[in-house]
Amino acid sequence: FTVNPDAELPHTTKSIAHRGYWYVDGTNNVPHNSIAGLQRAQKLEGCYAAEFDVWRTADGVLVINHNASIGGVTIKTANYSEIKDMTLSNDEKLPTLELYLNEYLKNTSIRLMIHVKDPECIDDIIAMLRDKSILDKADWLISTYAEAKSVIDKCKSEAPDMVLFHPNDDVVKTYAQLATDGITLNYNSNTVNKDYSCIKRAHEAGVKVLVWNDVDSKASMLKYMGLGADYFNTNRPQLLIELRKKSFIEK
Numbered sequence: 014f015t016v017n018p019d020a021e022l023p024h025t026t027k028s029i030a031h032r033g034y035w036y037v038d039g040t041n042n043v044p045h046n047s048i049a050g051l052q053r054a055q056k057l058e059g060c061y062a063a064e065f066d067v068w069r070t071a072d073g074v075l076v077i078n079h080n081a082s083i084g085g086v087t088i089k090t091a092n093y094s095e096i097k098d099m100t101l102s103n104d105e106k107l108p109t110l111e112l113y114l115n116e117y118l119k120n121t122s123i124r125l126m127i128h129v130k131d132p133e134c135i136d137d138i139i140a141m142l143r144d145k146s147i148l149d150k151a152d153w154l155i156s157t158y159a160e161a162k163s164v165i166d167k168c169k170s171e172a173p174d175m176v177l178f179h180p181n182d183d184v185v186k187t188y189a190q191l192a193t194d195g196i197t198l199n200y201n202s203n204t205v206n207k208d209y210s211c212i213k214r215a216h217e218a219g220v221k222v223l224v225w226n227d228v229d230s231k232a233s234m235l236k237y238m239g240l241g242a243d244y245f246n247t248n249r250p251q252l253l254i255e256l257r258k259k260s261f262i263e264k
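Convert by adding 13 to the 1-based position in the sequence shown; the result is the number in the numbering used here.
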């Protein structure tokens, strides 16, 4: 591939462990969104954050899971008692946000990247983070601009370093407005592939960019690093950390 000559310090791309640091070598993996995956991310030197997905049960319990259902049970419409004994492939019980954050408090060397799957639970998440005095340790992945702006309004004064990632899917705002709001764009790699200049244009307006999807191989990482991506949400955070230590970009 061709390295972008306008790239901005490509070796500074930050490594976010997608659903935790669950992938190691193909044989010693742990489940997505598990406590074990969080623990591995915490021990991974150079890891920026562990990303995880949050839902709320019908009776108000916040749980960690990627999909809307587990074991054939829809989380939003189920009471916690219906899913509390379900286990992951390593025999962990389905983590609650309470359990996940308590584990995080043992080692706060990385940040939390909260992927909000159900916007109705945003206030509950904020309250729990505030109660544990770690609101300033959380970054957010939010689906719509209105929800993103709401989190900023509720949290920014207490968490000035908070990064709020927002997909470009429904953006009707200009780059300048996103810069003013302090919102980082969350680009699917397919979006970048259609227009390699989109990252540069965002940077020129003061907007940072996260790239996800197809950022797990050496070749793809070097490609988007060369284009100046600020963050990767990757299944292989260790690989990015290793590449980032290089003083050159391979051709």
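All C-beta atoms, glycine included, are put in the ideal place defined by N, C-alpha and C.
- Within the same chain, Cβ atoms closer than 8 Å to the Cβ of Val220 are found at Tyr188, Leu191, Ala192, Ile196, Thr197 and Leu198, the five residues on either side in sequence being excluded.
- CA-CA distance, Pro44 to Gln52, rounds to 12 Å.
- If only uninterrupted alpha helix (DSSP H) runs of at least 4 residues are considered, those enclosed by the region 174-251 are 188-194, 202-207, 211-217 and 231-239.
- With fewer than three CB-CB distances shorter than 8 Å, the region 152-160 does not count as touching the region 103-117.
- Of Ile135, Val228, Asp243 and Lys236, the smallest CA-CA separation from Gln251 is found for Val228.
- Separation of Tyr117 and Leu107 (C-alpha to C-alpha, rounded to the nearest whole angstrom) is 16 Å.
- Boundaries of the beta strand (DSSP E) around Tyr61: Cys60 to Arg69.
- Counted as a single uninterrupted DSSP element, the beta strand (DSSP E) harbouring Met126 occupies residues Arg124 to Val129.
- Selection Ile254, Asp136, Gly239 and Asp243 evaluated against His216 yields Asp243 as nearest (Cα-Cα).
- The bridge partners DSSP lists for Leu75 are Arg69.
- With fewer than 16 other Cβ atoms from the protein chains shown falling within 10 Å of its own Cβ, Gly73 counts as exposed.
- Scanning His179, Asp149 and Ser202 for the CA closest to the CA of Asp194 turns up His179.
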